[in-house]
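>
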């Protein structure tokens, strides 16, 4: 008889591990689907935005990537309402099916050359559907696990859901890398990029099978049996100040920081290394894949630590590490990845002399602006070559903007009065002249593999990852513990998806546009640094520790 409690405990622990595995497996698949797009941003630009110049095309591709994030709060509200009214389990199946179908269809889309404007429009539509699916996925997964887990191990168990994001990213990068290697780069850019999207159909089938076998969460089942299910989750979550206050604290105390810190660490670094410092794409994939594997372990480590010392101090530590390391870390990565470029920039900086009154902020979300003034053309062409520059006002009376590279000066004519063909010829000639001048000044066309300091880059990425995982690891348990069961799905999902989706999802596009407009490779980093510093202040002032809170009564454990 005395052995029964121990046997029950072992059986319960095994059941909980199965629940975590099922939730994490499905979430890994959905993250895989979502990250495939981010890993293929440069390929997406070439296939769906070929009617635009390189800089505008890159920005629009990043914005299309961001659209998946911008639509996530709408998915949060839709599936949050379903989850709070109908249950956690069923919502799993809806989100995973929507994500899977949208991803597979992207693999069959026609390119811009095949379908014209319909190509990017269809891509945008499917990307929005992906975002809506992801908006409901995360909240359901972490709530489902947290409502099964014991209070003293909630941080550790929910951290496995956080780790699933890294596993999804690793699988996405691995599939891209293997496909690139097998079909070769030219074929990959032509048609091979479709393979990672299409093979997700297999992962979809496996994930749906696993999730279909899970049972409803005990907390929701008890709520349902007692007849206390919320009839109006939106009104309760956002219409009552006590709940709305918690939503705002979650959003501005750590969710905005999570968005910018995570996507700077795992996505903007890829854009920076590939586009700005010209590291080989396969090398970038291997680096990010390696650091993502490390991060999967760190999420659980930080989650376990938060079970002992609290969610708040661990998350604030993570934000602080990121805020303090981003600017110097990116400077080090530039040096480690392409020392020849770093030397050339310091030895012979590119200077653009132009009338500031004729320069625009080259950020156009809809792709309508032409940016054909002499100043705009000079800046966009130089930025398109991945070269930083210094702004200086032109001499009084000067007609055109000029680009000075060493002892060579290249005048860039205005394209305002030119036809489309004439403008194209102007750009082609200017780029040819710029490339020749850059080569003469010692600017490399790509990073020299023999001079790349892989360990140095990895070390910098590791510091970023420590910060990102310390913030993200305990975050799921903190969010779950902030809201009552009746409205938990709705209230938790909205701040998560606004922080991650809007603040984080827009980061690559905003930071890239900031670099394009300023000429400073590191200027875009001020966006995550300022957002992160603001979140630290809000968390210190308003966030309450929630470790160990009873999810049924919402009472803190004795002694706190």
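Numbering (the numbering used here), first residue to last: 80 to 639.
Glycine included, every Cβ here is placed at the ideal spot set by N, Cα and C.
Predicted, not measured: the structure shown is a model, and the values here were computed from it.
Over what stretch of residues does the beta strand (DSSP E) that includes residue 660 continue unbroken?
Here the chain comprises residues numbered 80 to 639, so residue 660 is not present and cannot be evaluated.
> From the DSSP output, read off the bridge partner residues of residue 489.
Bridge partners of residue 489: 482.
> For residue 372, report the span of its alpha helix (DSSP H) as first-last.
Counting along the chain, the alpha helix (DSSP H) containing residue 372 begins and ends at 360-388.
> Using the C-alpha atoms, what's the distance from residue 121 back to residue 353?
Using only the alpha carbons, I get a separation of about 9 angstroms.
> Can you list, in chain order, the residues of its chain whose CB lies under 6 angstroms from that of residue 342, leaving out five sequence neighbours each side?
Around residue 342: 583, 586.
> In terms of DSSP beta bridges, what is residue 432 paired with?
The partner list for residue 432 (beta bridge, DSSP) reads 471, 481.
> Should residue 568 go down as buried or exposed, given a rule of 16 or more other Cβ atoms within 10 Å for buried?
With 16 or more Cβ atoms within 10 Å of its Cβ, residue 568 is classed as buried.
> Comparing C-alpha positions only, which one of 334, 305, 434, 250 sits nearest to residue 611?
Nearest of 334, 305, 434, 250 to residue 611, Cα basis: 334.
> Are residue 222 and residue 559 touching if we call contact CB-CB under 8 angstroms?
Contact flag set, yes.
> I think residue 430 touches residue 466, with their Cβ atoms under 8 angstroms apart; what is that distance to the nearest whole Å?
Contact doesn't hold; Cβ gap of about 11 angstroms is too wide.
> May I ask you to report which of helix, strand or coil DSSP gives residue 626?
Looking at residue 626 - three-state DSSP - the assignment turns out to be coil, as it is neither helix nor strand.
> Using CA coordinates, which residue listed in 485, 462, 408, 399 is at the minimum distance from residue 425?
Answer by Cα proximity: 485.
> I need the straight-line Cα distance from residue 274 to residue 208, nearest angstrom please.
Between residue 274 and residue 208, the C-alpha separation is close to 20 angstroms.
> Measure how close the beta-carbons of residue 215 and residue 159 come, nearest whole angstrom, since I'm counting them as under 8 angstroms.
Indeed, because the Cβ distance is near 7 angstroms, the residues count as touching under 8 angstroms.
> Does the pairing of the stretch 540-553 with the stretch 384-395 give three or more beta-carbon distances under 8 angstroms?
At 8 angstroms Cβ cutoff, the stretches touch.
> I need the DSSP call for residue 410, collapsed to helix, strand or coil.
Three-state DSSP puts residue 410 in a helix.
> Just verifying my parser: in three-state terms, what is the DSSP assignment at residue 95?
Of the three classes helix, strand and coil, the one that applies to residue 95 here is helix, per DSSP.
> Are the Cβ atoms of residue 598 and residue 468 separated by less than 8 angstroms?
The answer is yes: Cβ separation under 8 angstroms.
> If you pair each beta-carbon of the stretch 180-199 with each one of the stretch 621-636, do three or more pairs fall below 8 angstroms?
At 8 angstroms Cβ cutoff, the stretches do not touch.
> Going along the chain, which residues of its own chain have a beta-carbon closer than 6 angstroms to the beta-carbon of residue 81, five neighbours each way excluded?
Reliability fails at residue 81, whose pLDDT of 44 lies under 50, so the model's placement of it is uncertain and the value that follows must be treated cautiously. Nothing listed; no residue qualifies.
> Is it buried or exposed for residue 629, if we count other Cβ within 10 angstroms and need 16 for buried?
Looking at its Cβ environment, which holds fewer than 16 other Cβ atoms inside 10 Å, residue 629 is exposed.
> Could you have a look at residue 522 and say whether DSSP puts it in helix, strand or coil?
Of the three classes helix, strand and coil, the one that applies to residue 522 here is coil, per DSSP.
> For my contact list, residue 608 and residue 406 are in at a C-beta cut-off of 8 angstroms; report their separation, rounded to the angstrom.
Yes, they are in contact, since the Cβ atoms of residue 608 and residue 406 sit about 7 angstroms apart, within 8 angstroms.
> Consult DSSP for residue 356 and reduce its assignment to one of helix, strand or coil.
In the structure shown, residue 356 sits in coil (DSSP, three-state: anything other than H, G, I, E or B).
> Kindly indicate which three-state DSSP category residue 454 falls into: helix, strand or coil?
Of the three classes helix, strand and coil, the one that applies to residue 454 here is helix, per DSSP.
> Can you check whether the CB of residue 422 is closer than 8 angstroms to the CB of residue 452?
No. Outside cutoff.
> Answer yes or no: do residue 225 and residue 391 have a C-beta to C-beta separation smaller than 8 angstroms?
Not closer than 8 angstroms, so no.
> With DSSP as the reference, label residue 466 as helix, strand or coil.
Residue 466: coil per DSSP, three-state reduction.
> Out of 432, 205, 167, point me to the one whose CA is closest to residue 457's CA.
The candidate whose alpha carbon is nearest that of residue 457 is 432.
> CB residue 573 to CB residue 244, shorter than 8 angstroms?
No; because the gap between Cβ atoms is not below 8 angstroms, this pair is not in contact.
> Inspect the beta-carbon positions of residue 411 and residue 535 and report whether they are closer than 8 angstroms.
A contact, by the Cβ cut-off of 8 angstroms.
> Would you call the stretch 468-482 in contact with the stretch 518-528, where contact means no fewer than 3 C-beta pairs closer than 8 angstroms?
Touching, no.
> Helix, strand or coil, according to DSSP, for residue 310 in the structure here?
In the structure shown, residue 310 sits in coil (DSSP, three-state: anything other than H, G, I, E or B).
> Helix, strand or coil: how does DSSP classify residue 633 here?
Coil at residue 633, not helix or strand.
> Label residue 105 either buried or exposed according to how many other C-beta atoms from any shown protein chain fall within 10 Å of its C-beta, with 16 as the threshold for buried.
Residue 105 should be labelled buried.
> Whole angstroms are fine: how far does the CA of residue 505 sit from the CA of residue 544?
Looking at the two C-alpha atoms, the distance is approximately 44 angstroms.
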